[in-house]
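Protein chains in written order, with the UniProt record's numbering: chain A, 1 to 386; chain S, 1 to 525.
Report on the structure given below.
Below you can see the structure in the form of structure tokens.
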């Protein structure tokens, strides 16, 4: 499971204790343990769906007070479509394969379904844990409502008009993004962060896509080995000659090695692909923070210019002064928290990569050694017989 | 896709190798490399991965089966090698055996007690003085053993444009007296190999011999080569073909009867071979198609010869069922090869991507670790590529060979059926002639009667001849089949073991890669 190395804190602990997959939705049981006085009880659970997580995330994004923070990225929508399609195809093709093959494939697909399910639970959980670990966001009222209110939050999905509005907002944002990105920052720290994040985000995006493709090929190869094992088994059971016994032993070997190969692909998925995907989203959230600061800077600079003009004309000076002060405060507030957020982001990122890369290497080693042992012992038997 | 890794020359013979033949091979060979590595197993490899452990050249005298029927067929070397010409032959004794009911018990009995009625005596071989049972012939080991090794190497493109072709060096090393030298090489092209196959088929397939089929023609593959496409796919194609031709030739020379055929000798020895004609129309695959069509026609008739034929029935069924499974297996292995190649490509791309990410990362230790990870992935790419090559050259090609061979085996069985039918038809013709004779006797027509009697005698002769042919082909088919099974068993075992060893080496390297990376990962932070 992806771990982003968060501080666990006794005053507020959140996890997803259960999840249920229904026809086209997943119901998460969000479980909270808290000593904070804000809650009626010390321990309680509610059931939430994906849309309600999105509502919570969006409420953070839209909240001006949080402009200076990296908003924990929203979990991706649970997507069982591909898996469900495969299960359906299997059901349709049941007549064309042997009972063993069918059972085997069914088990495979069910395991795959379960893996996707576990992943989506983990990603929703990570989001909540990130919020709970954040010194400011954890106090958010919407968050508390999300955790405690034991009825449906009635957050319907966005309707068409709202989606259109979002779309235009994003268009404006990216145009702005280009604008603010072009303005060189006086502050070296932020200038460096801007350059760094723009490049890093693109490269993480690329690495994430490519890791997915690589892992898919790996899974396909493991599936092929599975079918080889089955066919060898059939060949081996046709007679009791020497060579048939040989086939049976090799079939058994491939059965075991392909399980390991499938695990290798799954572990690469968890420790590498998911890690990259997560940091793709987090680096975007960090970019969004920089954008908001950039916007505040532009507003501040505009307010300065307006003040200069007002003073020159000696008209509406007080108004311009107030406006300028507000912009200044906003900008400075954002800058201050943004700096800390970006430093924390780096710390978290380094820790997460370290943990996952170490675990990845350890698992790869474990699996390679497992394979090695299987191959050595099988070869020993096969060569001894002949 | 990276270019295929270059083949390393086989290890030179070690100092403790007493074999004088290998030294001679060095003298003969232009490149100074000993191309004879491994035993004379039909799929002894010339293709080597760079992880080949320095095995000593295996015992060259390990080919037991060659010795068996060589004993019995030594007598036929003076003839042109076609057994059917030889009346006074070993099959006479065998035909007696087959008149018994259960073929499987026959071979176990001491043949001296059963060899009787047939006038022809078994011509003793050089070292044996008594007739042997089929099983004894098969179990003989190291009798008059000799070695015979062939290799197909050095593919060279000759000429340009659409008339270009690839010439292969065919090298032989042998102690057989029938060859002029002990080691020699000739240059042959693909159509020469096909030509050899056709000559052998024409002569031997009617006897029930299992003629090893050559690799198939490939217009696409060859066109690429002719056009001069210098990429890895045409290099792969040439290497695949070279290896397949080598295995084909090794199987031919392993076959005791075929080895005696002068066409084989000519193929191996003669400097300039007349260009094989008609291979445009009748390629190896074409010939096989002919056999397959014929076998389809025959199998449509549900003929059961007799109870003693159950053995042949069962074996044919086994062959058909096995061919089906091998085709399935081959398809899956091809899928694996493709996925591994895909994995190889995707890993390379991912490695570059990780390297870029490592460059962007501003934490020094993490940046270095990511670069190291990129290097590990790069090494994995090489690993996957080599593994895909193993998947293909060791496993997929083995399966493809045996799918073709099983087709030849089926052809063999169908030949036997045709022989039986001819006998049956002759018997029914004879019957008709006798009826005609009877009618003529009744009708009292002396002239026609004389003719009828002549025809009866003629057909009686044919019936006897065809019966003997059938018995003879049954013996051959059975012997061929048992030999084939043995070869197949050996082939599969040795190739699969080789494949597993390649897998093992991959995993060993994987362990090294990750063991080297782990401390780098731990050093982050």
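Note that beta-carbon positions come from the ideal geometry of N, C-alpha and C, so glycine has one too.
As the structure is a prediction and not an experimental result, all values here were calculated from the model.
CB contact below 8 Å: residue i versus chain A
{"i": "residue 457(S)", "result": "no"}
{"i": "residue 311(S)", "result": "no"}
{"i": "residue 508(S)", "result": "yes"}
{"i": "residue 524(S)", "result": "yes"}
{"i": "residue 364(S)", "result": "no"}
{"i": "residue 315(S)", "result": "no"}
{"i": "residue 480(S)", "result": "no"}
{"i": "residue 425(S)", "result": "no"}
{"i": "residue 497(S)", "result": "yes"}
{"i": "residue 69(S)", "result": "In this predicted model, residue 69(S) has a pLDDT of only 33, less than 50, meaning its place in the structure is not dependable; the value taken from the coordinates is given anyway. Judged by the 8 Å Cβ criterion, residue 69(S) is not in contact with chain A."}
{"i": "residue 432(S)", "result": "no"}
{"i": "residue 501(S)", "result": "yes"}
{"i": "residue 393(S)", "result": "no"}
{"i": "residue 489(S)", "result": "yes"}
{"i": "residue 492(S)", "result": "yes"}
{"i": "residue 88(S)", "result": "Annotation note: pLDDT 38 at residue 88(S) (below 50); position unreliable, coordinate value reported separately. No, residue 88(S) does not count as interfacial toward chain A."}
is_contact[residue i, chain S] using C-beta, thresh 8 Å
{"i": "residue 376(A)", "result": "yes"}
{"i": "residue 250(A)", "result": "yes"}
{"i": "residue 190(A)", "result": "no"}
{"i": "residue 82(A)", "result": "no"}
{"i": "residue 262(A)", "result": "no"}
{"i": "residue 364(A)", "result": "yes"}
{"i": "residue 371(A)", "result": "yes"}
{"i": "residue 368(A)", "result": "yes"}
{"i": "residue 243(A)", "result": "yes"}
{"i": "residue 285(A)", "result": "no"}
{"i": "residue 194(A)", "result": "no"}
{"i": "residue 388(A)", "result": "This structure cannot speak to residue 388(A), because chain A is shown only from 1 to 386."}
Assigned secondary structure, residue i (DSSP; H/G/I helix, E/B strand, else coil)
{"i": "residue 292(A)", "result": "helix"}
{"i": "residue 174(S)", "result": "strand"}
{"i": "residue 518(S)", "result": "helix"}
{"i": "residue 149(S)", "result": "strand"}
{"i": "residue 186(S)", "result": "strand"}
{"i": "residue 210(S)", "result": "coil"}
{"i": "residue 363(S)", "result": "coil"}
{"i": "residue 108(S)", "result": "Confidence is the limiting factor: at residue 108(S) the pLDDT is only 40, short of 50, which leaves the residue's position unreliable, though a coordinate-based value still follows. It is coil, neither helix nor strand."}
{"i": "residue 346(S)", "result": "helix"}
{"i": "residue 154(S)", "result": "strand"}
{"i": "residue 524(S)", "result": "coil"}
{"i": "residue 164(S)", "result": "coil"}
{"i": "residue 217(S)", "result": "coil"}
{"i": "residue 249(A)", "result": "helix"}
Whether residue i touches residue j by CB criterion (8 Å)
{"i": "residue 394(S)", "j": "residue 326(S)", "result": "no"}
{"i": "residue 231(A)", "j": "residue 329(S)", "result": "yes"}
{"i": "residue 379(A)", "j": "residue 497(S)", "result": "yes"}
{"i": "residue 356(A)", "j": "residue 287(A)", "result": "no"}
{"i": "residue 253(S)", "j": "residue 245(S)", "result": "no"}
{"i": "residue 155(S)", "j": "residue 264(S)", "result": "no"}
{"i": "residue 150(S)", "j": "residue 249(S)", "result": "yes"}
{"i": "residue 445(A)", "j": "residue 222(A)", "result": "Here chain A has residues from 1 to 386 only, and residue 445(A) is not among them."}
#### Entry: chain S contacts from the stretch 226 to 240 of chain A (Cβ-Cβ distance under 8 Å)
Taking 8 Å as the Cβ-Cβ cut-off, the stretch 226 to 240 of chain A approaches chain S at 227, 228, 231, 232, 234, 235, 238, 239, given in chain order.
### Task
Scan the stretch 322 to 341 of chain S for residues whose Cβ lies nearer than 8 Å to a Cβ of chain A and list them as they occur along the chain.
The residues in question are 322, 325, 326, 328, 329, 332, 333, 335, 336, 339, 340.
### Task
Within the UniProt domain "PX" (1 to 153) of chain A, note down every full beta strand (DSSP E) run reaching 3 residues or more, in order along the chain.
12 to 21, 26 to 34, 43 to 49
### Residues, ordered as in the chain, of the stretch 509 to 521 of chain S that lie near chain A by beta-carbon distance below 7 Å
510, 511, 514, 515, 517, 518, 521
### Query
Quick one, which residues of the stretch 302 to 319 of chain A are near chain S if we go by CB-CB under 8 Å, in chain order?
none
### Message
Short of 7 Å Cβ to Cβ, which residues in the stretch 336 to 356 of chain A face chain S?
### Response
346, 350, 351, 353, 354
### Query
For the stretch 199 to 222 of chain A, which residues have a CB atom closer than 7 Å to at least one CB atom of chain S, in sequence order?
199, 200, 203, 204, 206, 207, 210, 211, 213, 214, 217, 218, 220, 221
### Message
Threshold first: 4 residues or longer. Then list the alpha helix (DSSP H) segments lying entirely within the stretch 395 to 462 of chain S, N to C.
### Response
The stretch 395 to 462 of chain S contains these whole alpha helix (DSSP H) runs: 397 to 443.
### Query
What are the residues of the stretch 266 to 282 of chain A that lie near chain S, defined by any Cβ-Cβ distance shorter than 9 Å?
272, 276
### Message
Tell me which residues of the UniProt domain "PX" (1 to 153) of chain A have at least one Cβ-Cβ distance to chain S shorter than 7 Å, keeping chain order.
### Response
Legend: CB atoms of the UniProt domain "PX" (1 to 153) of chain A lying less than 7 Å from CB atoms of chain S are not found in any residue.
### Query
Given a limit of 7 Å on CB to CB distance, which residues of the stretch 340 to 360 of chain S reach chain A?
340, 342, 343, 346, 347, 349, 350, 353, 354, 356, 357, 360
### Task
For the stretch 366 to 377 of chain S, enumerate the residues whose C-beta is nearer than 9 Å to any C-beta of chain A, in chain order.
Cβ contacts with chain A come from 366, 369, 370, 373, 376, 377.
### Query
Which residues, in order along the UniProt domain "PX" (146 to 275) of chain S, keep a beta-carbon less than 9 Å from a beta-carbon of chain A?
none
#### Entry: Every unbroken alpha helix (DSSP H) inside the stretch 232 to 286 of chain A [4 residues or more]
242 to 268
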